[in-house]
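Under my numbering, residues 83 to 320 are what the sequence shown spells out, in order.
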Amino acid sequence: MKKAIVVGASSGIGRELAKVLAEQGYVVGVMARREHLLNTLREEIHGECFVQTIDIADAASAMKTLGDFITTMGGVDLVVLSAGTGDLNESLDWELEREAIQTNVVGFAALANVAMQHFLGKGSGHLVSFSSLASLRGGRACPAYNASKAFESNYMEGLRQKVKHARLSITITDLKLGFVQTAMAKGEGLFWVAPVDKAVRQIYDAIKKKKSGAYVTRRWRLIAWLLKAMPSALYEKL
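Encoded structure:
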């Protein structure tokens with residue numbers, strides 16, 4: 083029986099994905115800061131479910147917690163890094179910038195490292211990250227968030243290159259999400275906001291097919307193309 087860990091499973095996409103994975107026969111380990119939400123999730127999951135609190139903003143502690151959790155579960159085949167943070171920050175409040183960097187850069191890389199060390203040791207595995215369309219360009223509304231998501235995508239590409247070069251059976255999947263109906267969707271003028279269940283169906287499909295990357299939902303490929311093609315002189319006026 084396959085085993086999966088979802089980090090950031092207390093709410094939103096991570097929570098729904100954990101339930102889908104359980105429905106598909108995975109033994110699921112769920113991790114997040116809010117233990118009471120994890121416990122209610124365990125009651126909703128039909129099948130074996132492990133629960134562990136974690137705070138990825140505390141990278142050193144989070145690394146040990148994830149490593150111990152993997153051992154408790156007897157090893158895993160899939161690790162999904164869904165946890166993250168981001169706030170609109172037009173005023174460039176440093177605390178909001180620092181929090182995004184600490185969580186989405188330092189914490190993310192720390193947990194990716196733990197997962198990769200496990201997969202390298204067993205010679206196989208699947209690491210999945212939730213990046214964003216925001217990774218494609220800088221953003222005036224939340225500079226650190228966009229930059230942190232660019233880091234995540236670039237880091238995952240580096241890991242993918244590493245395992246391909248070593249010819250290992252390890253899959254690295256970087257999912258770039260558009261707007262999804264969760265607490266992370268902030269600001270005015272949002273469009274193409276996908277229901278969580280639709281986004282999760284596409285996420286699971288990408289995991290099942292072991293894709294290297296995908297846009298969620300798929301229609302965001304068009305916006306991604308426009309963003310990458312747009313000249314800086316035009317983009318900076320937006």
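The C-beta atom is built at its ideal place from N, Cα and C for all residues, glycine as well.
query, result
"Counted within 10 angstroms of its Cβ, other Cβ atoms place A315 as buried (16 or more) or exposed", "exposed"
"Reduced DSSP category for D256 - H, G, I as helix; E, B as strand; rest coil", "strand"
"Neighbourhood of K84 by C-beta, 6 Å cutoff - its chain only, sequence neighbours within 5 removed", "Y108 and D159"
"Which residues DSSP lists as bridging H208, in chain order", "L160 and T253"
"Residue interval of the beta strand (DSSP E) (run including Y297)", "G295 to V298"
"Per DSSP, cross-strand counterpart(s) of C131", "V110"
"Bridge partners - A86, DSSP secondary structure assignment", "V110 and L160"
"Per DSSP, cross-strand counterpart(s) of A276", "V262"
"C-beta contact flag for N228 and G240 at 7 Å", "no"
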